[in-house]
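Just so you know, we're using UniProt numbering here: the sequence shown kicks off at 1 and counts up by one. C-beta atoms are modelled at their ideal positions from N, C-alpha and C, and glycine is treated no differently. Model, not experiment: these values are computed from the prediction.
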Amino acid sequence: QFLSLCAPLTREHPEVLPFLSARHLRAHPDFRGSAEFRNILGRLLRRVQGRRRKVYVYINELCTVLKARALRRRLPLHSLPHQEPQGASQCPHGACQDPHRYPGAPSQCANASSSHPGAPSQHPAASPRCSSTSSQHPGDPGASPAAQRRAGGSRRQIRHLEHLLRVYAGEIRRLQERELDLAELDSADSPYLQENRLKRRMMRIFRRLCQLKECSSLTGRVLEQRIRFRGTRYPEVNRRIERFINRPDAFPDYSDILREIRGASARHGLGLGRRQMENMAQEAFREVGNRLQERRHLDLVYNFGSHLTDQYRPGMDPALSDPELAQRLRRNRRLALARLDDVIARFAQRQE
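And the structure:
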């Protein structure tokens with residue numbers, strides 16, 4: 001339905017919809033069938049129907065969501081065949097692997113003095129590539145025992161950390177499914193605090209895994225996208241504000257923006273007056289605040305949710321077929337509203 005609506009609006013650029021379809025096919029199947037994806041798609045569908053001129057903006061937003069949920073695939077690396085010059089049949093370290101054992105692979109050797117497995121060492125008179133720790137074939141008899149232990153230990157560490165991630169994910173699901181009462185909410189070790197600690201540990205483990213696997217730790221979230229600021233006519237001021245607002249957990253106030261403008265004016269000799277800098281800071285602060293707020297809102301929309309509601313469908317409410325459950329829910333709602341009124345009245349009396 002979304003593609004059929006966008007098709008007549010994107011006739012000038014027919015390559016957009018095939019690109020969107022490819023993004024959709026590369027997304028994780030669980031995400032494509034989730035309630036979160038249907039909610040996002042329904043929201044974008046309503047926006048396209050209301051503001052057809054911004055169809056490319058909404059298509060780009062959908063592509064960003066699908067890219068963040070794309071399947072991670074690792075392609076095998078194939079070495080280019082090369083011919084070894086005569087007189088250079090031996091490895092410089094004398095530990096070359098047998099070419100008949102690994103057909104099609106370049107001759108490699110163990111260089112235990114290097115600490116970077118991905119840094120090849122090239123012989124001056126030969127073209128075979130040498131791996132520093134023989135990580136591709138740790139069982140090679142030509143590799144040193146220290147290199148084999150180092151490669152095997154790294155794989156064991158990766159398996160251990162991946163196992164911890166699975167254990168923590170299961171424990172988080174158990175805490176989310178647990179029934180709570182008001183007494184537990186006041187506890188210093190409530191399930192909410194336990195869940196928060198486990199998620200922080202998972203993030204540390206995830207960053208460590210990315211270091212071991214030598215891959216990026218970016219997840220594709222909207223918060224990780226850099227904000228380009230062009231709100232003033234001075235490039236020096238724009239660059240300084242852009243660096244400031246793209247810091248982690250940055251949400252500047254008016255004084256921060258004014259300080260950055262003053263610093264840029266003093267550093268680059270722009271000669272801006274006090275009143276001019278204040279007006280510029282007010283306009284820049286409004287634009288920066290709106291863009292940061294929009295980015296955080298989109299991140300909340302894309303990531304907010306729980307596995308407890310993934311299988312929910314309209315019309316599947318169990319209270320519709322269970323009168324006792326419906327009565328209990330109505331009773332709990334009346335109790336919650338009464339307690340909320342009591343809290344509001346109590347704090348109103350304190351302010352008086």
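Does the segment 294-301 come close enough to the segment 260-271 to have 3 or more Cβ pairs within less than 8 Å?
no
Pull up the distance between the alpha-carbon of Q157 and that of Y192, whole angstroms please.
29 Å
Tell me which residues share the same chain as Q136 and place their Cβ nearer than 6 Å to its Cβ, disregarding the 5 neighbours each side in the sequence.
Low confidence applies here, because Q136 scores a pLDDT of 43, under 50, leaving its location unreliable and the question unanswered by this model.
What span of residues does the alpha helix (DSSP H) with T64 cover, start to end?
55-68
Alpha helix (DSSP H) segment containing N288, residue limits:
The displayed chain sequence assigns Val, not Asn, to residue 288. 274-303 is the span of the alpha helix (DSSP H), which, as asked, contains V288.
Local Cβ density within 10 Å of S265, reported as buried at 16 or more and exposed below that:
buried
When the Cα atoms are used, what is the spatial distance from E214 to I227?
26 Å
Continuous alpha helix (DSSP H) stretch holding L5: start and end
Looking at the DSSP string, the run of the alpha helix (DSSP H) that includes L5 is 2-6.
Give the single residue among R291, N39, R331, C63 whose Cα lies nearest to the Cα of S21.
That would be C63, whose Cα lies nearest to the Cα of S21.
Exposed unless 16 or more other CB atoms sit within 10 angstroms - verdict on G258
According to the sequence as given, residue 258 is Leu; it is not Gly. Answer is buried; the Cβ neighbour count reaches 16.
Alpha carbon to alpha carbon, how far is S190 from L161?
Rounded to the nearest whole angstrom, the CA to CA distance from S190 to L161 is 26 Å.
Do you know whose CA, among D256, A250, D249, lies nearest V237's CA?
D256
Could you tell me which residues DSSP pairs with I27 in its beta bridges?
Before going further, note that residue 27 is Ala rather than Ile in the sequence given. A27 pairs with A70.
On a CA-only basis, which of R178, R23, R239 is nearest G263? Give me that one, please.
Out of R178, R23, R239, R239 has the C-alpha closest to the C-alpha of G263.
What three-state label does DSSP hand Y234 in the structure shown?
coil
Out of E260, F251, F304, point me to the one whose CA is closest to residue 353's CA.
Lying before the first or after the last residue shown, residue 353 is absent from the chain, which here runs from 1 to 352.
Of the residues E278, R230, P29, the one placed nearest A242, counting alpha carbons only
The residue you asked about is not Ala; residue 242 is Glu in the sequence shown. With distances taken between Cα atoms, E242 lies closest to R230.
Given that a residue counts as buried once 16 or more other Cβ atoms are within 10 Å of its Cβ, and exposed if not, what is A125?
Residue confidence is low: A125 scores 37 on pLDDT, short of 50, so the model does not pin down where it sits. No coordinate-derived value is stated.
For Q1 and L66, what's the separation of their Cα atoms in angstroms?
17 Å
Environment of V222 [buried if 16+ CB atoms lie within 10 Å]:
buried
Cα separation between L41 and E12?
23 Å
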